[in-house]
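A quick write-up on the structure given underneath.
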Amino acid sequence: YAAYHPDSEQDRFYGGGTGGYYVYDFTDVGNPELLVTLTGIRGITRGHTFTPSPDGRYVIAESEYQYAPLRIFDLQPALDGERTNINQPISAWTAQWDHLVHNHEVRWPYVFVSGYLDGLQVFEMSDPENPQTVAYYDTYLGTPSPDASTVMSGSFGVDVRNSDGLIVMSDMTTGIWTFRMEGFSGWNGESWGMPDISSVQKWDVPLRPRPVS
179 YAAYHPDSEQ
189 DRFYGGGTGG
199 YYVYDFTDVG
209 NPELLVTLTG
219 IRGITRGHTF
229 TPSPDGRYVI
239 AESEYQYAPL
249 RIFDLQPALD
259 GERTNINQPI
269 SAWTAQWDHL
279 VHNHEVRWPY
289 VFVSGYLDGL
299 QVFEMSDPEN
309 PQTVAYYDTY
319 LGTPSPDAST
329 VMSGSFGVDV
339 RNSDGLIVMS
349 DMTTGIWTFR
359 MEGFSGWNGE
369 SWGMPDISSV
379 QKWDVPLRPR
389 PVS
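Those letters in the sequence shown? Residues 179 to 391, by our numbering.
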């Protein structure tokens with residue numbers, strides 16, 4: 179995941195890999211600088227999807243193995259220079275303790291999750307230490323099995339259209355699904371006191387600076 183970080187005016191890359199998760203400043207693409215590592219995390223040998231909040235403070239980290247929740251980390255101690263490595267999540271979320279999820283999209287304070295056997299899941303993290311499920315829809319029609327390979331069936335990918343809030347999800351068994359979530363008719367970060375930054379790139383819209391209070 180790559181995103182602009184307004185406070186530092188940096189382009190930042192958030193990546194999962196061997197050992198955990200990593201945040202780079204790649205404003206100078208020929209000379210990327212490692213800013214933060216998230217390694218030595220209990221239960222993590224490799225990272226998967228790794229997505230920040232619009233302001234870059236919080237990150238949602240996925241590991242994609244059975245029983246693994248989504249872990250939420252606060253990067254502020256590292257961004258403030260107090261440490262270079264973060265290894266303790268501040269909270270975690272899961273739809274079902276013995277399942278796992280595949281992907282997610284952040285539209286603060288909502289996180290839209292493609293949850294394999296658990297279909298579409300949405301949780302909100304306005305209190306990052308206490309994420310709460312607010313919506314779900316089961317798209318997988320198969321029979322659950324104790325076989326580990328079978329838990330990786332069902333909902334695979336999810337995306338959100340900011341202009342009108344359309345939610346699109348792919349299920350490996352049942353196909354493409356489109357959703358509307360009650361009370362969610364679009365997303366703009368400024369409406370939530372956040373930078374208007376998400377996985378939707380606005381190449382034709384200049385970034386509006388926020389006043390510093």
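Even for Gly, the Cβ is constructed at its ideal location relative to N, Cα and C.
Predicted, not measured: the structure shown is a model, and the values here were computed from it.
Assign residue 186 to buried or exposed, taking buried as 16 or more other Cβ atoms, counted over all protein chains shown, within 10 Å of its Cβ.
Translated into the one-based positions of the sequence shown, residue 186 becomes position 8. So residue 186 counts as exposed.
Answer with buried or exposed for residue 229, where buried requires no fewer than 16 other C-beta atoms within 10 angstroms of its C-beta.
Along the sequence shown, read from residue 1 onward, the residue named residue 229 stands at position 51. The residue in question, residue 229, is buried, as its Cβ has 16 or more Cβ neighbours within 10 Å.
Residues in the same chain with beta-carbon distance under 8 Å from residue 342, minus the five sequence neighbours each way, listed in chain order, please.
For the purposes of this step, residue 342 is taken as the residue at position 164 of the sequence shown. 363 and 364.
Counting only the same chain and skipping the five closest in sequence on each side, list residues whose C-beta sits under 7 Å from that of residue 217.
Here residue 217 refers to the residue found at position 39 when the sequence shown is read from its first residue. Closer than 7 Å at the Cβ level, and outside the excluded window around residue 217, lie 197, 198, 263 and 265.
Nearest to residue 354 by CA position, among 332, 369, 374 and 360, is which residue?
For the purposes of this step, residue 354 is identified with residue 176 of the sequence shown, where counting begins at 1. Cα-wise, what sits closest to residue 354 is 332.
Using the C-alpha atoms, what's the distance from residue 320 back to residue 232?
Working through the sequence shown from its first residue, we reach residue 232 at position 54. Working through the sequence shown from its first residue, we reach residue 320 at position 142. Approximately 36 Å, taken between the alpha carbons.
Rounded to a whole number of angstroms, what is the C-alpha to C-alpha distance between residue 296 and residue 247?
Position 118 of the sequence shown, counting from 1, holds the residue named residue 296. Position 69 of the sequence shown, counting from 1, holds the residue named residue 247. Each residue's Cα considered, the two are about 13 Å apart.
Please report how far the alpha carbon of residue 213 lies from the alpha carbon of residue 203, in whole angstroms.
Within the sequence shown, numbered from 1, the residue matching residue 213 stands at position 35. Within the sequence shown, numbered from 1, the residue matching residue 203 stands at position 25. Distance between the alpha carbons of residue 213 and residue 203: 7 Å.
Quick one, which of 345, 306, 200 and 304 has its alpha-carbon nearest residue 256's?
Against the sequence shown, residue 256 aligns to sequence position 78. Cα-wise, what sits closest to residue 256 is 200.
Mapping the DSSP letters down to three states, classify residue 255 as helix, strand or coil.
Within the sequence shown, numbered from 1, the residue matching residue 255 stands at position 77. Of the three classes helix, strand and coil, the one that applies to residue 255 here is helix, per DSSP.
Ordered along the chain, which non-local residues of its own chain (more than five positions away) have a Cβ less than 6 Å from that of residue 223?
The sequence position of residue 223 within the sequence shown is 45, counting from 1. Cβ within range, chain order: n/a, list empty.
Considering only residues of the same chain and omitting the five flanking positions on each side of residue 301, which have a CB-CB separation below 8 Å?
Translated into the one-based positions of the sequence shown, residue 301 becomes position 123. The answer, listed in chain order, is 271, 288, 289, 291, 309, 310, 311 and 312.
From 371, 344, 366 and 348, pick the residue whose C-alpha is nearest to that of residue 358; which is it?
By 1-based counting over the sequence shown, the position of residue 358 is 180. Looking at the Cα atoms, 344 is the closest of the given residues.
Return the bridge partner residues of residue 309 from the DSSP annotation.
In the sequence shown, the residue the question calls residue 309 occupies position 131. The partner list for residue 309 (beta bridge, DSSP) is empty, contrary to what the question assumes.
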